[in-house]
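A.B. asks: Quick one: this structure, given as structure tokens, is what I'll be asking you about.
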Amino acid sequence: MALRFYNTLKRRLQKFKPIRECFVGLYTCGPTVYNFPHIGNYRAYVFEDILKRYLEYKSFEVKQVMNITDVDDKTIRDSQKEGVSLKEFTERYTKAFFEDLKILNIRPASVYPKATEHMKEMIEIIEALLKKKRAYKSDDGCVYYEISKFKKYGQLANIDVSRLQAGASGRVQKDEYEKDNPSDFALWKTWTQEDGDIKWDSPWGAGRPGWHIECSAMSRKYLGDQFDMHTGGVDNIFPHHQNEIAQTEGFTGKRFVNFWLHCDHLLVDGQKMSKSLGNFYTLRDVLAKSHHPLAVRYLLLSVQYRQKLNFTFESLGAARAALDRIWDFVRKLETYMEGVDNPKLDKLIATAQKKFEKSMDGDLETSNALAAIFDLITKVNKLMMKKKMSQQNAQAVLSVIRKFDKVLGVLKEEEKIPESVQKLVQERLAARQQQNWELGDKLREQIKQQGYAVEDTPAGPVIKKI
Ligand code: AMP
Ligand code: ZN
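Given below as structure tokens:
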């Protein structure tokens with residue numbers, strides 16, 4: 034089956050075709066580093082990680098660019114409230130963000146450009162937009178984008194364009210505003226006292242960029258005028274992504290991005306998890322309650338990205354239980370050493386792989402992909418219990434599970450039991466089969482000394498880290 038994604042721009046599922054064969058340029062809007070991200074933000078980053086990993090599974094080379102918004106209304110406001118420099122303030126939260134990514138097993142992007150390091154690129158676009166009369170300098174000193182000059186304004190966000198062309202728009206300096214109020218938006222904000230020492234020189238005097246121009250400039254620098262995919266949460270559709278399109282296309286005259294993908298929100302009691310509503314948990318809050326980070330990852334990916342997902346600690350517990358099932362299964366496969374080859378296994382593996390790929394090809398239906406894995410687990414567990422399969426069969430199942438995990442990223446590192454321990458377990462099994470219980474116990478002790486416990490189950494010995 035062909036790979037398909039729901040393209041927000043077209044409002045339908047579309048077959049994916051990259052601009053260059055086998056290569057995908059992917060821009061993922063990154064964090065505004067003014068606080069610790071909450072797990073709602075991580076729903077977006079986990080979705081993007083799954084997207085990238087699955088594109089790689091399908092043999093595409095992916096160049097992922099994720100910006101760091103280290104200057105905007107919020108970073109300036111909060112660094113000043115705390116009385117520290119913008120740089121010190123944003124570096125603290127950038128560092129925390131990278132730590133969280135590692136904890137959640139999110140693979141690094143190819144590049145993480147910072148807004149403050151791309152003033153030249155932003156100024157270049159703004160100057161050109163002024164020249165093309167798509168932007169104007171206003172009497173408040175700021176430079177605004179004139180949205181009525183961009184015919185396709187509103188297309189991504191599904192806003193009635195004819196109303197805009199009638200000149201109904203006002204002017205907005207703030208980075209964030211509502212869809213009901215489409216307005217000319219600030220490309221460059223002139224310096225005011227509230228900005229303190231935060232300012233850059235520009236042809237329009239000292240000031241700072243608007244949030245939206247940051248992403249137009251950084252995506253262009255690292256991915257070119259046109260690229261394949263751009264993602265974010267649904268709240269990014271308006272105004273942020275709509276404005277990025279107006280800026281970049283207004284500047285280049287070419288189609289900016291082919292596929293726009295947006296994940297729906299993580300909710301708490303039916304409302305978007307957000308800093309402004311105060312109903313959020315940071316990753317640190319959740320881990321402090323002794324939850325496993327991979328359970329958080331599992332929960333976030335267990336529901337297809339365009340569905341709403343309600344966060345509760347019960348659902349986090351259920352995610353942990355599902356993970357334990359996968360982890361236990363992997364442990365059993367790793368140490369399974371009995372039985373003879375069963376030709377049925379190849380078919381079971383092929384069916385699971387087909388279902389997994391069909392689900393993921395259809396707009397990343399992760400919940401169906403997981404169902405395919407659990408189906409395989411149930412069937413193989415039964416065969417292991419009855420010893421109706423061989424060690425080679427177990428290794429083949431293990432290999433397909435590890436292949437799936439290249440996409441899902443939910444297996445623990447420590448699942449890889451050292452070969453020395455595995456050898457001792459095999460020796461112990463042989464000793465027990467010869468009823469040499471004394472040697473069996475001695476070997477158990479040696480296994481323990483290496484930090485592992487061995488448990489005898491009907492499906493054979495299972496090794497666990499102590
Ligand atoms: P921000 O740092 O606010 O720019 O947000 C970073 C990313 O997280 C953006 O892609 C947002 O769309 C996304 N996001 C924010 N809140 C949520 C949420 N509750 N659920 C899913 N994604 C979210
Ligand atoms: Zn962005």
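Residues in the sequence shown are numbered from 34 upward in steps of one, following the numbering used here.
Positions of the beta carbon are idealized from the N, C-alpha and C atoms, including for glycine.
Quick caveat: nothing in here was measured; it's all calculated off a predicted structure.
Sort 308, 387, 340, 347 by Cα distance to residue 322 and report the nearest one.
C.D. replies: With distances taken between Cα atoms, residue 322 lies closest to 347.
A.B. asks: Per DSSP, what are the beta-bridge partners of residue 242 in this structure?
C.D. replies: Answer by DSSP bridge pairing, in chain order: 221.
A.B. asks: Kindly indicate which residue of 179, 367, 402 has the alpha-carbon position closest to the one of residue 283.
C.D. replies: Cα-wise, what sits closest to residue 283 is 179.
A.B. asks: Are there 16 or more other CB atoms within 10 angstroms of the CB of residue 432, so buried, or fewer, so exposed?
C.D. replies: Exposed, by the Cβ-count rule.
A.B. asks: Could you tell me whether the Cβ atoms of residue 15 and residue 403 are closer together than 9 Å?
C.D. replies: This structure does not reach residue 15, given that the chain is present from 34 up to 499, and the question cannot be answered.
A.B. asks: Looking at chain D, is there any beta carbon in it that lies within less than 9 Å of the beta carbon of residue 432?
C.D. replies: Annotation note: the requested chain D is absent from the structure, which comprises a single protein chain.
A.B. asks: Report the option in 392, 412, 496, 415 whose CA atom is closest to the CA atom of residue 87.
C.D. replies: Of the listed residues, the one whose Cα sits closest to residue 87 is 392.
A.B. asks: Does the count of Cβ pairs from the segment 135–143 and the segment 323–339 closer than 8 Å reach three?
C.D. replies: A contact exists between the segment 135–143 and the segment 323–339.
A.B. asks: Hey, is residue 269 close to the ligand AMP, as in C-beta under 8 Å from one of its heavy atoms?
C.D. replies: Because some heavy atom of the ligand AMP lies under 8 Å away, the Cβ of residue 269 counts as near it: yes.
A.B. asks: What first and last residue would you give for the beta strand (DSSP E) that runs through residue 27?
C.D. replies: Residue 27 cannot be examined here, being either before or after the span of the chain that is shown, 34 to 499.
A.B. asks: Give me the Cα-Cα distance between residue 437 and residue 302, rounded to the nearest whole angstrom.
C.D. replies: C-alpha separation (whole angstroms): 32 Å.
A.B. asks: Is it right to say residue 58 is buried, meaning 16 or more other beta carbons lie within 10 angstroms of its own, or is it exposed?
C.D. replies: Looking at its Cβ environment, which holds 16 or more other Cβ atoms inside 10 Å, residue 58 is buried.
A.B. asks: Tell me whether the beta-carbon of residue 295 lies closer than 9 Å to the beta-carbon of residue 264.
C.D. replies: Yes, the pair counts as a contact, with Cβ atoms nearer than the cut-off.
A.B. asks: Determine the extent of the alpha helix (DSSP H) in which residue 282 is found, giving its start and end residues.
C.D. replies: From DSSP, the alpha helix (DSSP H) with residue 282 extends over 275–285.
A.B. asks: Is it true that the segment 370–378 meets the segment 412–432, where meeting means three or more beta-carbon pairs spaced less than 8 Å apart?
C.D. replies: Because the criterion of three Cβ pairs below 8 Å is met, the segment 370–378 and the segment 412–432 touch.
A.B. asks: Tell me the rounded alpha-carbon separation between residue 275 and residue 98.
C.D. replies: Spanning the two alpha carbons is a distance of roughly 19 Å.
A.B. asks: Buried or exposed: which applies to residue 502, given that a residue is buried once 16 or more other Cβ atoms fall within 10 Å of its Cβ?
C.D. replies: Residue 502 lies beyond the residue range present for the chain, which begins at 34 and ends at 499; the question has no answer from this structure.
A.B. asks: Alpha carbon to alpha carbon, how far is residue 468 from residue 418? Give it in angstroms, no decimals.
C.D. replies: Going by the C-alpha atoms only, they are around 21 Å apart.
A.B. asks: From which residue to which residue does the beta strand (DSSP E) around residue 382 run?
C.D. replies: Segment 377–394 is the alpha helix (DSSP H) holding residue 382; no beta strand (DSSP E) there.
A.B. asks: Quick check: the Cα distance between residue 185 and residue 343, rounded to an integer number of angstroms?
C.D. replies: Taking the straight line joining both Cα atoms gives about 34 Å.
A.B. asks: By the DSSP assignment, the beta strand (DSSP E) with residue 261 in it spans what residues?
C.D. replies: First-last of the beta strand (DSSP E) with residue 261: 260–266.
A.B. asks: Out of 128, 228, 292, 394, which one is the CA nearest neighbour of residue 44?
C.D. replies: Closest option to residue 44, Cα to Cα, is 292.
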